[in-house]
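Numbering-wise (the numbering used here), the sequence shown opens with residue 1192 and increments by one.
Glycine is no exception: its CB is placed at the ideal position from the N, C-alpha and C atoms.
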Amino acid sequence: MKNNYLLAIVLLSLGVTCLLIQGATSKVADNGLLVEPFFFLVPISYLLFFSGIGVLLFGFITSKLKKSNR
C-alpha cells in the first residue's frame, strides 16, 4: 500500500515540477510574442498530475473495499 502512495506522490511531484519549469522559462519577446521553449511540458504535466490522482483514488478505493470485506 505504501508503494501506491509513493508512486502517487512521485507522479504529482513530477507534474508540478514540469509546470514550474515551463512557467519559469516563458518570456515575452520585444515584439510582444510569448516565447515558451518548453511548451510540451504542459500536457506532460497534466498527464502526470492526473495519473497521480488516479493512483491515489485507486489505492483509496481498494483499501476501503478490502476493509469492508473483512
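- Here Leu1232 is buried. Its C-beta has 16 or more other C-beta atoms within 10 Å.
- The bridge partners DSSP lists for Lys1218 are Val1226.
- Phe1231 sits in coil when the DSSP states are folded into three classes, being neither helix nor strand.
- Contact between the segment 1246–1259 and the segment 1192–1201 is present, with at least three C-beta pairs closer than 8 Å.
- The segment 1198–1217 makes contact with the segment 1236–1252: 3 or more CB pairs, one atom from each, lie closer than 8 Å.
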